[in-house]
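Down below is the structure, laid out as structure tokens.
See the structure below:
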């Protein structure tokens with residue numbers, strides 16, 4: 301569910317801070333700065349009427365400039381739920397139609413995109429870990445508590461929860477869930 305109020309904005313920012321394991325200060329931390337700009341852009345674009353939501357456009361422009369400075373982040377507003385954790389600098393591309401649940405940890409080199417002339421990208425559940433170089437392509441569904449291994453190429457639905465995916469094309473490689481890779485404070489165990 302996207303940010304709909306000032307309280308939602310505060311909640312999302314706190315969840316992101318915990319997921320990133322950051323203190324309140326964001327000096328010298330461009331990834332945390334990027335996530336703050338992302339959430340503020342979502343807030344202004346979703347909550348303000350037309351004449352005033354131009355403030356959101358200012359945040360979006362700043363967000364994309366900072367994202368490119370950080371190493372090529374191309375992440376659009378309203379794609380990620382609370383608890384987003386961008387692990388490292390490096391290119392990350394997320395289609396505007398992608399929907400990713402809460403507590404997602406994403407590494408560099410990841411692409412979540414559409415294919416085959418469709419503009420629809422993946423719907424990904426909660427508590428998902430996406431490792432370096434993974435590709436999630438097409439209008440597919442990924443369940444919750446899933447770990448996607450490094451350089452995996454996921455092109456079909458995986459709705460079973462608590463598994464690990466790997467390979468090209470991706471397949472289930474174990475029954476190990478994603479919880480070892482995520483902030484324990486955010487997991488509802």
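In the working numbering, the protein residues as written are 301 to 489. Backbone N, C-alpha and C define an ideal beta-carbon position, used for all residues, glycine too.
Looking at the structure shown, is residue i part of a helix, part of a strand, or coil, going by DSSP?
i           : result
residue 248 : Not covered by the structure: residue 248. The range shown for the chain is 301 to 489.
residue 478 : coil
residue 447 : strand
residue 377 : coil
residue 489 : Per-residue confidence for residue 489 stands at a pLDDT of 46, beneath the threshold of 50, marking its modelled position as unreliable; the derived number appears in the next sentence. DSSP places residue 489 in coil when its eight states are reduced to three.
residue 463 : coil
residue 385 : strand
residue 310 : helix
residue 454 : strand
residue 440 : coil
residue 471 : strand
residue 424 : strand
residue 430 : strand
residue 400 : strand
residue 303 : coil
Output the distance between the C-alpha atoms of residue i and residue j, rounded to the nearest integer angstrom.
i           : j           : result
residue 441 : residue 422 : 6 angstroms
residue 396 : residue 377 : 8 angstroms
residue 312 : residue 339 : 7 angstroms
residue 355 : residue 344 : 6 angstroms
residue 392 : residue 372 : 6 angstroms
residue 474 : residue 314 : 32 angstroms
residue 305 : residue 347 : 6 angstroms
residue 483 : residue 402 : 12 angstroms
residue 394 : residue 362 : 18 angstroms
residue 468 : residue 485 : 33 angstroms
residue 466 : residue 476 : 12 angstroms
residue 303 : residue 337 : 13 angstroms
residue 435 : residue 456 : 11 angstroms
residue 481 : residue 414 : 26 angstroms
residue 438 : residue 420 : 7 angstroms
residue 424 : residue 321 : 23 angstroms
With residue i as the anchor, note down where its alpha helix (DSSP H) starts and where it stops.
i           : result
residue 340 : 330 to 347
Got a sec: is the Cβ-Cβ distance from residue i to anything in chain D below 7 angstroms?
i           : result
residue 368 : This model lacks chain D altogether; it includes just one protein chain.
Look at residue i and residue j and say whether their C-beta atoms are less than 7 angstroms apart.
i           : j           : result
residue 380 : residue 400 : yes
residue 335 : residue 316 : yes
residue 459 : residue 443 : yes
residue 478 : residue 426 : no
residue 370 : residue 330 : yes
residue 341 : residue 310 : no
Mind checking which residues open and close the beta strand (DSSP E) that includes residue i?
i           : result
residue 411 : 410 to 413
residue 435 : 435 to 437
residue 393 : 392 to 394
For the 8 angstroms Cβ check, are there 3 or more pairs between the stretch 376 to 388 and the stretch 398 to 408? By the Cβ rule, the stretch 376 to 388 counts as touching the stretch 398 to 408, because three or more pairs are nearer than 8 angstroms.
Within the chosen definition, does the stretch 421 to 436 reach the stretch 447 to 459 through at least 3 CB pairs nearer than 8 angstroms? The stretch 421 to 436 is in contact with the stretch 447 to 459.
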